Each structure stands twice: as C-alpha cells, then as structure tokens.
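Residue numbers (my numbering), protein chains in the order written: chain A, 120 to 712; chain B, 628 to 1027. Think of the CB as a built atom: it goes at the ideal place given N, C-alpha and C, for glycine as much as any other residue. Note that the structure is a prediction, hence the values are computed from the model and not measured.
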Amino acid sequence: MTAPAWLEVLNETMDACRTHGRADLAERLRRRRDAPTGQIRLGVLGFPKQGKGYLLNAVLNAPVCAVGDAPTPAVPTEIAYSAEPAATLVGRSRERIPVAVERLTGELGARPAGTLSRVEVGVPRELLSAGLVLVDTPPVGDPRSPRTAAALDLLAEADAVILVSDATSPLTAAELALARHVRTWCPHVLVALTKIDASPGWRAVAERNRAMLAEAGIDAPVQPVSAVVRQAAAKAGDADLNARSGFPELLNWIAEQASRPPEQSRALLAAVGVRAAAAELVESLRDRAEAAGQDAGLGQAALLQRAQRRADDLRRQNTKWQNLLSDEITDLLSDAEYDLRERTRKIVNTIDRTFDEGDPAKVWDDFAPWLDNALAEAVDVNYTWLADRAEWIAQAVAACFGAQYDRALPDLRLDGSGVEGLDDVRRPKIEKFKVGQQAFTGLRGSYGGVLMFGLVTSLAGLPLINPVSIGAGAAFAAKTIKDEGGMRLQRRQAVAKQAAQRHVDDVFLRFSKECRDSIRLVQRRLRDHFTGLAEELADELTHERETILAGTAERERRTVHIRREIDRLAGLHQRAGELGTIAGRQQRRELSA
Amino acid sequence: MTRDVRDLLAAASGLYRDDPRASALLHDCANRLEQPLRVAFTGAPSSGKSTLAAALGEWPTRALRDLVLLDDPGPADEVPDATVRLVRHLEPDELAAAHPPGGSPFARQSAVNSVLVLSRADEVGAGRIDALLTAKQLARRAWREDPLCTGFLGVIAVAGQLAYGGRSLRDDEFDLLAAFAAVPREELERHVLSVDSFTDPAFPGPIPVETRRSLVVRFGMFGVRLALTLIRTGCDDRVKLSAELVRRSGLGELRDTLAGCFVARAEALKARTAVIRLEALLAAQPRPGGDRLVSRVERFAAAAHDFRELRLIADIRGGRTALSGDPAEEAVRLLGAQGTAPADRLGLEPDADPGEIYDAGLDALRRWRHEAERPDRPHAERTAAHVVVRSAEGLLALFT
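1. Nearest-angstrom Cα distance between T156(A) and A680(B)?
2. Starting from V1016(B), trace the alpha helix (DSSP H) both ways and give me its first and last residue.
3. Return no unless some Cβ of chain B is closer than 8 Å to the Cβ of K168(A).
4. Taking the DSSP output, what are the residues bridged to V310(A)?
5. Out of R926(B), L636(B), F779(B), R852(B), point me to the one whose CA is closest to A805(B)'s CA.
6. Per DSSP, F668(B) forms a beta bridge with which residues?
7. With a CB to CB cut of under 6 Å and the five nearest residues on each side skipped, what residues in its chain are close to W372(A)?
8. What would DSSP say about V209(A), mapped onto helix, strand or coil?
9. Roughly how many angstroms lie between the CA atoms of A277(A) and C136(A), to the nearest whole one?
10. Name the two residues that bound the continuous beta strand (DSSP E) containing P217(A).
11. Here's a check: name, in chain order, each residue in its chain whose Cβ is nearer than 6 Å to the Cβ of R394(A), leaving out the five neighbours to either side.
12. Tell me S741(B)'s beta-bridge partners as DSSP assigns them.
13. Can you say whether P319(A) is buried or exposed, counting buried as having 16 or more other CB atoms within 10 angstroms of its CB?
14. Taking CB distances under 8 Å as the criterion, tell me whether A351(A) reaches chain B.
15. Using a Cβ-Cβ cut-off of 8 Å, state whether H716(B) counts as contacting chain A.
16. To the nearest angstrom, how far is the alpha carbon of R797(B) from that of K171(A)?
17. Taking the DSSP output, what are the residues bridged to Y200(A)?
18. A181(A) and R349(A): beta carbons closer than 8 Å?
19. When DSSP labels each residue in this structure, what does L253(A) get in the three-state scheme?
20. Under 8 Å Cβ-Cβ, which residues of chain B neighbour P182(A)?
21. Less than 8 Å separating the beta-carbons of L636(B) and A901(B)?
22. Could you spell out where the beta strand (DSSP E) holding V163(A) opens and where it closes?
23. Tell me, please, whether the segment 640-653 of chain A touches the segment 511-523 of chain A by the rule of three or more beta-carbon pairs shorter than 8 Å.
24. Does A358(A) have its Cβ less than 8 Å from a Cβ in chain B?
25. At the level of alpha carbons, what is the spacing between S631(A) and R621(A)?
26. Pull up the DSSP beta-bridge partners for V183(A), would you.
27. Taking the alpha carbon of R607(A) as the point to measure from, which residue in V252(A), A202(A), G477(A) has its own alpha carbon closest?
28. Excluding the five sequence neighbours on either side, which residues of its own chain have a C-beta within less than 7 Å of the C-beta of A657(B), listed in chain order?
29. Which of the residues in the segment 362-388 of chain A, read from start to end, lie with their CB under 9 Å from any CB of chain B?
30. Closer than 7 Å by beta-carbon distance: list the chain A residues that pair up with E800(B), in chain order.
31. Cβ of G974(B) less than 8 Å from any chain A Cβ?
32. Would K314(A) and A293(A) be called neighbours here (beta carbons separated by less than 8 Å)?
33. Tell me whether the segment 321-340 of chain A and the segment 156-169 of chain A touch, counting them as touching only if at least three CB pairs, one residue from each stretch, are closer than 8 Å.
34. So for I466(A), helix, strand or coil by DSSP?
35. With H, G and I counted as helix, E and B as strand and the rest as coil, what does DSSP make of A277(A)?
36. What residues from chain A crowd round D720(B), counting only those whose CB sits closer than 9 Å?
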C-alpha cells in the first residue's frame, strides 16, 4: 500500500517546524501522524467551574469525573470502554498503578503534584464500545500555567473537541480565543452551553454565543445542556425530560464523530494539523522578519546617517585644520624673523652709539661680554616665544578636531638641531683688541645651549631692552677718549663697529635660518601628527560603515530567507487544504507571504 | 489618630498654599475625616456587585449606619477607605486578579481594608440544596490555606441574589411560594428542576408564566427551591422566610465583618486614606520644606497600632497564627474585634464600672506580657503577643 498523500505533506511540515525551532509544533504533528488507529479521541476543554465534570458524568450516566467543590486534577483523564469499571493512574515514567474506581478521587488527592501524567478510567458504556475515548482535561486558565499546557496538549491527538462554557454569561474574550485556537487545530468542535437549568437567560446567551462565534469565523455549533435535568431524567426514566436536557443532541453529535470513516478522518486531521502548524510557524516567522526589519529600518538608517554626518564633519575638519596650520606657520615665520630682526637692530644701535663716542681699545673688554649677553638674551627670548607659539598652534589645530581629539599633542621640543652648523659663524677680526676669542666662544655656547636644552624658562618674558643693555650703552659711551683723536681713533671705531655689526649679522643670519628650520620642523611634525589622526578617524568611519552595510546585507539575506520559508509553508498550507477538500471538507482562506 | 492626621493636613496646607489643586485635595482629605466611611464594591463584570451592595445597603442597622457603599467606583472617582472584592470562583487566576494593589510602604503595611467575597455562592456545586454550606466551607478553607487569600480580613461566601431577594421578599411573593410549597413534593419536583420546567406552560395551577418567570429571575432556581423547602419545614410566614433566606445567604457574616473590621475602625481607615493621599501628594509635587512633613508622615505610619491590630485579627481568624481556642478568642477580643471600647475588649458588660475594667485590663496585660516573653515560644507567636500587650497597654492608658 502506498503512503497516503497527507503523510508527505505532514512530514515536510514537521521538518520545517524543527528547522525553525518549533519542536513543540513538530511534536504535535508527530503525535498526529503516529496516533493509534481504531481510536476516536474526544476532548472536553473549558475554563474552571464551567461544568465540565458534570457534563462528562451526564454523558456517561456515571460519576466518573470529580465535580464541584474539589479542584479538578491537574492531569487529563481518559475514559474508554471496559467490560468492568477500572481506573489506572499513569505516572510520569509511564508506570501504571491500578486503583479502585470509587477511590479514584482520594487517590488523586493523595499524589504529590507533578508525579502523574494521566488517569485512565474504563467504564462499561455502549457509547464507548466502538473505540471512542473521552478525555477530561484540567481547566484552562492562565496561559503560562502547566495546567493550561496540559489541557491544550490534548489538541495533538483529539479528533473532536467539546468546549464547555456555562450559560450564566456569554463567552468571554478568553473563551473566544480558546475556541479559535481549538478550531484551528481540530476540525470538529462543539460549544456546550451548560447550567441552562439555573440560568433564566440562557436562550439569549446561546444566541449571543452563536453570533460571536460566527463573527469570529469559528465554525462550531452551540449546544445548550443541563446535567441536572439529564440526571433527574435518568433517575425517573423520563424520556421527555431527557429530551429537554439537551443531551440527546449532544450524544448524537458525539456518535457522529465516532462513526466517521477512519482513513478520511485521519487525512482531514493531518491536513488541519499541517495548516495550523504552518499558520503558527508563518506567524512566528513573520514576527521575526518584522522584528529584523524594524531593527534594520530604524536603527540602520540612524546609524548610517550618523556615520555620514561624521564623515562630513571629518572632511570639513581636514580642510579647516590644514588651512589653519599653514596660515599659522606662515605668520609664525614672518613674526619670528621680524622679532629677531627687531632685537638685533636694537643691539646694533647700541653698538653704533658705543663706538661713535667710545674708544674700542678702552671699552672692548667691557663691550665684549655685554654683546655676548645681549645676543644670548635676544636669541633666548625669541626662541622661548617661538616655542610658545608652536605649542599654541598645536592646540589650535587640535581644537579643530573637537571632542574627538582625545590624545596627547605631538612632542614639539626642538632639540639640538643645527647647533653644529653655527661653529663657522665668523668672528670679528680685531685681534689687537684681544677679546673676541673668549667672548664669542661664550656667546656661541650661550645660544647653542638655548638650542640644546629647549626653553630656558627663567629668561622667558624679559623685556627686549632691559637695564643690562641700557646700562652697558651708557657705560661704554662714558669711556670717551680725549688723547686720541683724528683718523686713528675714528678708524679704530669704524673697525670695531663693523666687526661687531658683522658678528651680529652673522648670528642673526645663522639663527634666523635656525628659526625657520625649527618652524618648518614644527610644521612637519604637526602635519604628520594630525594627518595620521585624520586618517585614523577616516578608517574608523569606513570600518563602521562597512559593518553597518554588512549588517544590512545579512539582515536582507535573512529576510529573503524567511520570505522563502513563508512561501514554502504557504505551499504546504495550500497542499494540506487540497487534501482537506479531498477529505470532504471545505477549507478556509489560504496563507500568503 | 484623627487629630494627628488633621495636624499633618494643616501643615501640608501651609506648604501648598499657592497651589489651588493641591489645596483642594488637602481640603477634601480633611473633610472626608468627618464623613462616613466609604466602602467600594469591586469585582469582574456580573460578579454581583450591585446586587450585594443593594442587599447590604438597605439594611437598617446601627452597625452599618456610618457607611457609604460605592458600587464599583472607577479609578478616577473618589478613593474608597475600604473594599469588598467579589469573585465568582476561588480559582487562582481570579484570586490573583483580586489582590489589592500595592502603593507606598505604609499603604501596603496597613492594607487591612479589604474583604474577599465568594459571590454567587448559590452556584457552587451545580445549585444543589447544600450549595451554600459547601461554599462557606470552600471560603473558610481558602482563607486558611490559600496564600492568595492572605491579605484579606475575611473570605466570605455570600449568595447575593438570595440575600437581596430575601431582604426584599414581598407578601405576594411569599403567597406564591407558599402555594407552590403546598403542592405535593413528588408532583412539584420535576417542575422546579430547571428554569425551563418552572416556566413551562404545563406547570400545574393558574399562576401565569410571567409571574413564575419574575419569581425565578428574582430568586434564581436555587432560591426558589430553597424557599419551598424552608416553607415546608416551618418558615410559614414572610418574615420568617425572609430572615431565614438572609441568614443562609451569608449576608449576616459579611455584615458582621464589615461592622467589626470596617465600621469599628472607621477613624483609623479614614485616617489611612488621608495619609496615603497626602503621601502621594508629597511624592508627586515635592516642595522645599516637605522633608519634615514626610518624616512626620513616616512617624505617624510607624506608630499606627490600629493596623497592626486589624492585621493580627485577620491572621488569627484566618488560622495563620499558632493561637487557637480560648487564647485566640481572647486575643482577637483584646485586639478589638468585637468593639474597640475597653469593656468590649475585655469582654465585660458595657456598663461595667471603671475599677472592674481597670482590674481586668491589668490582669490581661500581665498574662499577655508573660506570653510575649516566654522564651520557649516561636518568635512569631511572641511578636503576636506583643501586639496584644500593646493593645492592653493602650486600654489601661485611658485611666491615667
């Protein structure tokens, strides 16, 4: 015999359920597939205190189920045919404990919660003799409670379901939701409206329930019943009263369930199960796709926008800091040179004044150390000022990077560069004055030292014309030479003046070159430093953007995958629907991606 | 207690003088201290709130005189001082939903202002004639054993429809019921089996269907059956039947609980409402200088002995302490369950002379001090005894 068509669809759907992490749905389908043949299982479901136990007892005309005051057991009770009344407790590990039927309630109460998986009861009833099994379930309630889970577990194997709701009020929203869920998984559902003996308004409630079910698209008849009337009818043997209890119609419906051709019934159940599972799976996949989409939608766009904004900022920053650096360096070059020129010009003025009146042969010994000091001081102050400006420029450029600039400034110390080049500064050629050698060696040492050790901060900030230089000028001027006059003195004065001026010029040339070099060095260092920083930031940004884009691609890939899966499930859903039609039942609308 | 609250409200009024809404609220709080206690009836739709409120409300007794019953006030409406919470079944889901909301630590610690009612007790056990007894047992068991019932001053089974029907039983209704009861039982039985059979045109006798229908709508099928049984067994006039229906409905027990736990503590419960509203105001609109008021409110809350008494009464009656039998009876009496006057607490006649009261009070104080200091008793029990000692001390303090 070839495998029935529904089996293939069912197996495929089971695989899909497992793939998408819904082992519970797969297990439900598996139980549907492997359900024992030759049994029709009829489940009874309902919220607490709706009269489930009374209904079942009235169906069987026997006090099988616990009713009323005692809370219903937390495990299902399966009631099947047996020649003699019998009851068995089935434990968690399938151990079977036979108990006397009349002691069943007591035995159940004595067992600790969670040790049983179900109760089996056998009763000698004609109704059950063809293989009908009635399953009483724990009351449905809080969706998270194990009791509710145990009750809904019934849907894996039930061929038909009776939903119990009492006539004191119309179906609640929760009951309606339960009806919808049950009808999705089980093709044959009946709503039993209980307690009509005690409810004056039961007819209106029944009508209201029918309308609500129809409105919700739930295909289930409503059957009003009264267990009390049924019991009284049984006691009195009153057929007329029994007819009023509503139970004959209910029993007819039950018998109809039991008399369906088994193969057709199985196909229909499989088809309904596949459709229910596919629908649930599609719903969770859609949720997932939607969540991913939302995640991508909002977050992604915002991230990209932010990255874009940062890239723009960075571009603006690059232009800004480069301009700033080059402007500042140009200014510094001219300022530094001007400053040095100004300082040396004042020294030259003093030299002029000194040798206009003084005799070099007399004042040279005092003059040489003064020149030495004045030059050293000029160079020092200029240099300090230059280093300060360099530092300031570095900070100004760093400020262009805003809050992103979180590292140390580059090392701007200008150590020792070009000192060796100063050795050949020409000395004044006035040998007969016998001073030059020491004086200029000292001078060279002085500003070489400045260059060597960076900033001599104690000298920083001294005014350009200080008391030392003024005093020196005055002292030299006082040393006038009375005896010597005429050409000789004038010649000596001219020679000394020239020699001193040339020396100052030499120092100026040398040192201004030194300054320019230093400033260029500062420029290069700052440029390298900030270019590196800008590149790093750009790299970071690129990387970030790539990550975002890669995430989008991955999500898109996943969404496409989910859509494909939804399509596949929709296909299965449709095929199951066709099977269902073949099995003799019109199916409702199809799924679509 | 009321004076303390008044002082607090006056201090708060100074603080919020420039805020018309807050001032109005504080003014209302102060006024409410003068007004009757407000008891709200809450519960899911069709749990029988209105029926029960009506049954209680028309009761012309001294015990419930100073009570205003509010039928399911919305959250925006006035704040009730106490609550009667109705459930149709003692099922975990319903009980979980019935739990009073939290609030400030003081509100939670003093949450001794609600009673749980298993309404529609006549529906228990498919309307068997012993339904009400079964319902009472269920309620008692739930109160003692179900942790979800811990916060309530009582769990009481009441058949609201029966109570209301019984309370408002008319002569013509009694005559009708008596006429039905006169029909031989066997003959009548199948006609009172269900609403349909009771309103069937085939019903014997000349009573119109509509009359029968209105009877069953008023009393329910259970009520009709019970009334017939009662008439047959001796309730042969309207007053007797009415009293018996009401007695069986559980309404009396509810009334006694309301009288003992709510009316007798009206001052404390009203003060509680005012303090909770004041707390909420101080928290929602803090003001400079409000800190001092907040700590005064805290001091008040810590010192409020009434709530400890109420909670302990509920615990002893609900079987949640080790006390039972005579000591339990004496404890709840001393705690004020049967009235908060010294004579009531000591179980003396209302006109007992002060010397007698003083001696009895001193005697009770000595005995309970002993209980509170017995090292062989569990801590919880000694703590409970301490509360009783404090009550006895308060009683004696009236003589100094």
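Let me spell this out:
1. Approximately 57 Å between the Cα atoms of the pair.
2. That run of the alpha helix (DSSP H) goes 1006-1024.
3. Judged by the 8 Å Cβ criterion, K168(A) is in contact with chain B.
4. Answer is L282(A), V341(A), bridged to V310(A).
5. Of the candidates R926(B), L636(B), F779(B), R852(B), the one whose C-alpha sits nearest the C-alpha of A805(B) is R852(B).
6. Paired residue(s): D698(B), V711(B).
7. For W372(A), where only same-chain residues beyond five positions count, the Cβ hits under 6 Å are L309.
8. Note: V209(A) maps to strand in three-state DSSP.
9. Inter-residue distance for A277(A) and C136(A) is about 20 Å (C-alpha atoms, whole angstroms).
10. From DSSP, the beta strand (DSSP E) with P217(A) extends over 215-218.
11. In its chain, beyond the 5 residues on either side, H692, A695 have a beta carbon closer than 6 Å to the beta carbon of R394(A).
12. Its beta-bridge partners are T710(B).
13. Classification for P319(A): buried.
14. The C-beta of A351(A) comes closer than 8 Å to at least one C-beta of chain B.
15. Closer than 8 Å: yes.
16. Spanning the alpha carbons of R797(B) and K171(A) requires a straight line of approximately 37 Å.
17. Paired residue(s): V242(A).
18. With contacts defined by Cβ atoms closer than 8 Å, A181(A) and R349(A) do not form a contacting pair.
19. Strand, per DSSP.
20. Scanning chain B for C-beta atoms nearer than 8 Å to the C-beta of P182(A) yields nothing, as the closest lies near 13 Å away.
21. Their beta carbons are under 8 Å apart, which means L636(B) touches A901(B) by this criterion.
22. Counting along the chain, the beta strand (DSSP E) containing V163(A) begins and ends at 159-165.
23. Enough Cβ pairs lie closer than 8 Å, so yes.
24. Any Cβ of chain B closer than 8 Å to the Cβ of A358(A) would place that residue at the interface, and such an atom is absent.
25. Near 15 Å, if we compare the C-alpha coordinates of R621(A) and S631(A).
26. Within the DSSP secondary-structure output, V183(A) pairs in no beta bridge.
27. Residue G477(A) is the option with its Cα nearest to R607(A).
28. Cβ within range, chain order: R633, L636.
29. Within the segment 362-388 of chain A, contact with chain B at the beta-carbon level (separation under 9 Å) is assigned to R363, S364.
30. In chain order: nothing, as chain A lies at least about 16 Å away.
31. For G974(B), the answer is no, since every Cβ of chain A falls outside 8 Å of its Cβ.
32. No; because the gap between Cβ atoms is not below 8 Å, this pair is not in contact.
33. Segments in contact, no.
34. Under the three-state reduction of DSSP output, I466(A) falls in the helix class.
35. Note: A277(A) maps to coil in three-state DSSP.
36. Against chain A, a Cβ distance below 9 Å from D720(B) picks out F166, P167, G260, D261, S264.
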